[in-house]
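Residue numbers (this note's numbering): 2 to 96.
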Ligand SMILES: [Zn+2]
């Protein structure tokens, strides 16, 4: 799966898919938004941009990385109170 930037641009920029008959067509996004572009097969104006259905392109999904860590560091905090109680005792012993 090698991807070329030029090819991706050619295949996906300004490409729209008819929501009714799934026909692909190249059109100006401005004109699509204004409703000037119709499907040449079924005359529908319901078009969606094609690049929405990109799947499995590796770096395209940043949210899938597992968030490891966060559970570490909690144990071991019990040692702090013991050290506190030993401090006054050491002061008293110096006298
Ligand atoms: Zn159509």
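Yeah, the Cβ is synthetic: ideal placement off N, Cα and C, and Gly gets one too.
Determine contact between the segment 10 to 29 and the segment 44 to 52, defined as no fewer than three beta-carbon pairs at a distance below 8 Å.
Yes, the segment 10 to 29 is in contact with the segment 44 to 52.
Straight-line gap, residue 22 to residue 34 (C-alpha atoms, nearest Å)
Here the question's residue 22 lines up with position 21 in the chain shown. Here the question's residue 34 lines up with position 33 in the chain shown. Across the structure, residue 22 and residue 34 are spaced so that their CA atoms are roughly 19 Å apart.
Under 8 Å, do residue 4 and residue 24 count as touching if we go by C-beta distance?
Indexing the chain shown from 1 puts residue 4 at position 3. Indexing the chain shown from 1 puts residue 24 at position 23. The answer is no: Cβ separation not under 8 Å.
Excluding sequence positions up to five away, which residues of its chain have a Cβ less than 7 Å from the Cβ of residue 27?
Looking up residue 27 in the chain shown gives position 26. Only residues of its own chain outside the window of five on either side were considered, and among them 15, 16 have a CB closer than 7 Å to the CB of residue 27, listed in chain order.
Taking 8 Å as the threshold (C-beta atoms), are residue 20 and residue 45 in contact?
The residue given as residue 45 occupies position 44 in the chain shown. The residue given as residue 20 occupies position 19 in the chain shown. Yes, these two residues count as a Cβ contact at 8 Å.
Other residues of its chain near residue 38: CB distance less than 6 Å, five sequence neighbours each side excluded:
One-based indexing of the chain shown puts residue 38 at position 37. Within the same chain, 28, 32 come within 6 Å of residue 38 by CB-CB distance, once the 5 residues on both sides are set aside.
Helix or strand or just coil, what does DSSP make of residue 20?
Position 19 of the chain shown, counted from the start, is the residue given in the question as residue 20. In this structure, DSSP gives residue 20 a state outside helix and strand, which the three-state scheme calls coil.
For residue 42, which of helix, strand or coil comes out of DSSP?
For this step, residue 42 is matched to residue 41 along the chain shown. In the structure shown, the three-state DSSP call for residue 42 is coil.
Where does residue 103 fall in DSSP's three states?
With the chain represented from 2 up to 96, any question about residue 103 goes unanswered, as that position is not in the structure.
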